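Quick notes on the structure that follows.
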Amino acid sequence: MSVTTTRGDVGKFETRFFHLVYEEEFGKVKGHFGPINAIGINPNGRSYASGAEDGYVRLHFFDKSYLDMKDPVPEAPEGEEEENDGYDEKNDDSSDDGQ
Numbered sequence: 001m002s003v004t005t006t007r008g009d010v011g012k013f014e015t016r017f018f019h020l021v022y023e024e025e026f027g028k029v030k031g032h033f034g035p036i037n038a039i040g041i042n043p044n045g046r047s048y049a050s051g052a053e054d055g056y057v058r059l060h061f062f063d064k065s066y067l068d069m070k071d072p073v074p075e076a077p078e079g080e081e082e083e084n085d086g087y088d089e090k091n092d093d094s095s096d097d098g099q
């Protein structure tokens, strides 16, 4: 599954971003005049570089609204216990000392 794709309309190409789990597009950036072959994301997550067949490497900086975007996965309401995936601390035999 691709995380980014390119599409050409009238000779213009754009970088499109999709949510990895939900596969919904949440952003796109125009700028290249050829297929985009490489993307490098800055480790701080605030910018990325794209390289294309048009011979250019473009640096892109995300808007503040993107950086402030909340996680679309809702958190459990307060006071509600989380599932423990079957692990029960009270019945844990791994700390047995052999007695």
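FYI, in UniProt numbering the residues of the sequence shown are 1 to 99. Where a beta carbon is used, it is the ideal one built from N, C-alpha and C, also for glycine. All values reported here derive from a predicted model rather than from experimental measurement.
Under the three-state DSSP convention, the category residue i falls into
i	result
Lys70	coil
Cβ-based burial, residue i [other Cβ within 10 Å; buried from 16]
i	result
Ala49	exposed
Alpha carbon of residue i to alpha carbon of residue j, nearest angstrom
i	j	result
Leu59	Glu78	41 Å
Gly34	Phe13	6 Å
Asp63	Asn44	14 Å
Ala52	Ile41	15 Å
Lys28	Tyr22	16 Å
Leu20	Lys70	15 Å
Option nearest residue i by Cα separation, candidates the options
i	options	result
Ile39	Tyr66, Arg16, Leu67	Arg16
Gly55	Asn37, Leu67, Met69, Asp68	Asn37
Leu67	Val57, Lys28, His32, Ser47	Ser47
Lys30	Tyr22, Val57, Leu20, Val21	Val57
Close beta carbons around residue i, own chain, < 6 Å, minus the five adjacent residues each side
i	result
His32	Phe13, Ala52, Asp54
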